[in-house]
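In the numbering used here, the protein residues as written are 2 to 466. We treat Cβ as the ideally placed atom computed from N, Cα and C, and that holds for glycine. Remarks on the structure that follows.
Structure below.
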């Protein structure tokens with residue numbers, strides 16, 4: 002008899018991933034493909050690309066794993082993006098993401114109205130964009146869905162939103178009404194561990210997944226990452242190294258700081274304290290593409306720190322600025338510098354941004370009591386993992402699967418189906434540390450100096466954004 006399988010799916014910002022994982026944490030198969038949003042000022046996701054990526058990855062998994070062995074499905078995905086659907090649940094327009102320049106005005110409007118970063122930087126501004134700039138589409142919209150909830154709809158026929166907890170749900174009725182939006186366009190919410198529905202016979206014929214398989218709510222990808230990195234007790238932390246990224250720390254009491262996000266964790270009596278870098282991997286991707294870095298990636302391993310300061314604000318910035326109009330900057334360029342130096346500077350600038358997030362969190366007497374577990378597409382880059390350890394002075398680690406979001410889905414499903422007494426117990430049993438990256442001796446003074454310069458330069462240029 003074949004092993005029971007949990008089908009775990011993550012519609013990431015630029016990579017679509019799927020894996021077949023047993024309730025004991027054994028990865029039987031994995032597949033990913035690049036899809037992502039349009040480049041430039043418009044940040045849109047074609048639902049055709051989303052469906053192609055979904056079909057491609059799932060069918061690849063089913064070539065390795067018998068379809069009848071699947072006992073449950075979980076789907077997560079990248080943060081603020083909305084797809085407008087008509088009354089027949091057909092997309093009216095491509096999904097629009099939070100990095101879209103056309104949404105910045107609405108982010109700023111909400112941010113000025115009230116001190117509510119979750120509302121002002123997430124889904125509400127995108128819906129406002131549709132209402133005010135695409136009124137015909139808005140009027141025809143029966144429901145706004147996150148991309149991963151749209152996939153759940155296709156599999157189960159259930160039009161609902163999913164969220165990890167009430168503290169970070171995508172929308173609140175009061176906020177929808179305050180923004181002048183129509184409440185009925187925003188579906189009800191299912192929380193982590195709740196059943197969204199079961200796969201239909203139509204979905205089975207389309208994608209090869211058997212009918213009547215339960216699909217369990219997980220929520221947005223960063224929540225799955227918290228589970229997949231075991232960030233479930235105070236002092237444990239997670240770094241998300243994806244297109245956007247940042248630091249999350251589980252803590253025993255709330256932190257009040259306008260530069261951070263803080264909300265109730267889905268683990269009772271704890272809080273998630275977060276500092277977010279908007280264009281983490283996007284900045285590195287931009288540098289590699291612009292500099293044609295494939296031809297000299299290895300050179301960075303042997304090059305000294307060039308001393309160039311880079312502010313990674315290519316699409317505005319969240320922590321510490323919360324300014325959608327912030328701009329990137331190179332400072333300290335000299336004639337001697339070349340493309341390798343610029344590439345190193347971009348990586349270092351992202352690491353300095355992470356250090357700043359950590360410093361702000363620690364200023365509230367919060368403590369990182371364990372290695373910072375990294376997840377995301379850049380986790381494979383051991384040079385960058387070591388650089389972050391050196392820049393921040395913290396130990397970083399990675400689990401047995403670089404995309405911890407997929408592990409997080411498996412943990413939620415395994416606990417939901419009774420294989421473990423709780424999500425925490427499942428995480429402790431399933432997760433295994435693969436490697437640690439410890440700060441190298443003799444590097445701290447140099448990076449302390451760079452961090453001071455980074456902070457001073459950011460402070461000096463902020464009034465010009």
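Item to complete: Can you check the segment 113-181 for any alpha helix (DSSP H) of at least 4 residues that lies completely inside it and give the ranges in chain order?
Response: 118-121, 124-134, 136-141, 148-157, 174-179
Worksheet item: Per DSSP, which one or two residues make a beta bridge with residue 246?
Response: Position 245 of the chain shown holds residue 246. Paired residues: 242, 278.
Fill in: residue 439 burial status per 10 Å Cβ neighbour count (16 or more: buried)
As a first step, residue 439 must be located in the chain shown, where it is residue number 438. The residue is exposed, with fewer than 16 neighbouring Cβ atoms inside 10 Å.
Worksheet item: Who pairs with residue 199 in a beta bridge, going by DSSP?
Response: Walking along the chain shown from the start, residue 199 turns up at place 198. In DSSP, residue 199 forms a bridge with 215.
Worksheet item: Between the segment 375-383 and the segment 243-260, are three or more C-beta pairs nearer than 8 Å?
Response: yes
Practice prompt. Indicate the three-state DSSP secondary structure (helix, strand or coil) for residue 95 in the structure shown.
Written response: Looking up residue 95 in the chain shown gives position 94. Coil.
Practice prompt. Have a look at 11, 16, 6, 36 and flag the residue whose alpha-carbon is nearest the alpha-carbon of residue 22.
Written response: One-based indexing of the chain shown puts residue 22 at position 21. Closest option to residue 22, Cα to Cα, is 6.
Worksheet item: When the Cα atoms are used, what is the spatial distance from residue 2 to residue 72?
Response: The residue labelled residue 2 in the question sits at position 1 within the chain shown. The residue labelled residue 72 in the question sits at position 71 within the chain shown. Any reading at residue 2 is ruled out, since the residue's pLDDT is 44, under 50, leaving its predicted position unreliable.
Worksheet entry | Through-space distance from residue 147 to residue 280, alpha-carbon basis | Counted from its first residue, the chain shown places residue 280 at position 279. Counted from its first residue, the chain shown places residue 147 at position 146. Rounded to whole angstroms, residue 280 to residue 147 spans 20 Å at the Cα level.
Practice prompt. To the nearest angstrom, report how far apart residue 320 and residue 14 are at their CA atoms.
Written response: The residue you call residue 320 lines up with position 319 of the chain shown. The residue you call residue 14 lines up with position 13 of the chain shown. Approximately 19 Å between the Cα atoms of the pair.
Item to complete: Have a look at 460, 152, 81, 137 and flag the residue whose alpha-carbon is nearest the alpha-carbon of residue 472.
Response: Outside the modelled stretch of the chain, which goes from 2 to 466, sits residue 472, for which no answer is possible.
Worksheet item: By Cβ distance below 8 Å, which residues in the same chain neighbour residue 256 in space, the five residues on each side in sequence not counted?
Response: Locating residue 256 in the chain shown gives position 255, counting from the first residue. So the qualifying residues of the chain are 263, 272, 274, 362, 365, 367.
Worksheet item: Are three or more beta carbon pairs between the segment 338-356 and the segment 307-322 nearer than 8 Å?
Response: yes
Worksheet item: Tell me which same chain residues have a C-beta within less than 6 Å of the C-beta of residue 381, skipping the five on either side of it?
Response: Numbered from 1 along the chain shown, position 380 holds the residue referred to as residue 381. These residues qualify, in order along the chain: 403.
Worksheet item: Do three or more CB pairs link the segment 409-416 to the segment 70-87 at distances below 8 Å?
Response: yes
Fill in: For residue 318, three-class secondary structure by DSSP
Taking the chain shown and counting its residues from 1, the one referred to as residue 318 is at position 317. Of the three classes helix, strand and coil, the one that applies to residue 318 here is strand, per DSSP.
Item to complete: Starting from the Cα of residue 250, find the closest Cα among 455, 261, 237 and give me that residue.
Response: Counting from 1 along the chain shown, the entry for residue 250 is found at position 249. Measuring from the Cα of residue 250, the nearest candidate turns out to be 237.
Item to complete: Identify whether residue 220 lies in helix, strand or coil by the three-state DSSP scheme.
Response: Along the chain shown, read from residue 1 onward, the residue named residue 220 stands at position 219. Three-state result, residue 220: coil.
Worksheet entry | Identified DSSP bridge partners for residue 85 | Numbered from 1 along the chain shown, position 84 holds the residue referred to as residue 85. Beta-bridge pairing links residue 85 to 145.
Worksheet item: What number of angstroms, rounded off, separates the C-alpha of residue 212 from the C-alpha of residue 202?
Response: Position 211 of the chain shown holds residue 212. Position 201 of the chain shown holds residue 202. Straight-line Cα distance between these residues: approximately 5 Å.
Discussion item. I believe residue 84 touches residue 96 by the beta-carbon criterion, under 8 Å. Please report the beta-carbon distance rounded to the nearest angstrom.
Written reply: Position 83 of the chain shown holds residue 84. Position 95 of the chain shown holds residue 96. About 4 Å separates the two Cβ atoms, so the contact holds.
Worksheet item: So which of 194, 105, 360 has the shortest CA-CA distance to residue 268?
Response: Taking the first residue of the chain shown as 1, we reach residue 268 at position 267. With distances taken between Cα atoms, residue 268 lies closest to 194.
Item to complete: Could you tell me which uninterrupted alpha helix (DSSP H) segments, each at least 4 residues in length, are contained entirely in the segment 48-86, listed from first to last along the chain?
Response: 48-63
Fill in: Touch test, the segment 219-234 against the segment 394-409, Cβ-Cβ under 8 Å, three pairs minimum
yes
Item to complete: Leaving aside the five residues before and after residue 240 along the sequence, list all residues of the same chain whose C-beta is less than 6 Å from its C-beta, in chain order.
Response: Stepping through the chain shown from its first residue, residue 240 is reached at position 239. The residues are 248, 373, 375.
Item to complete: Please say whether residue 214 and residue 188 have beta carbons closer to each other than 8 Å?
Response: On the chain shown, residue 188 is found 187 positions in, with the first residue counted as 1. On the chain shown, residue 214 is found 213 positions in, with the first residue counted as 1. Result no, Cβ atoms of residue 188 and residue 214 do not sit closer than 8 Å.
Worksheet item: Which residues share a DSSP beta bridge with residue 28?
Response: By 1-based counting over the chain shown, the position of residue 28 is 27. Note: residue 28 sits in a beta bridge opposite 22.
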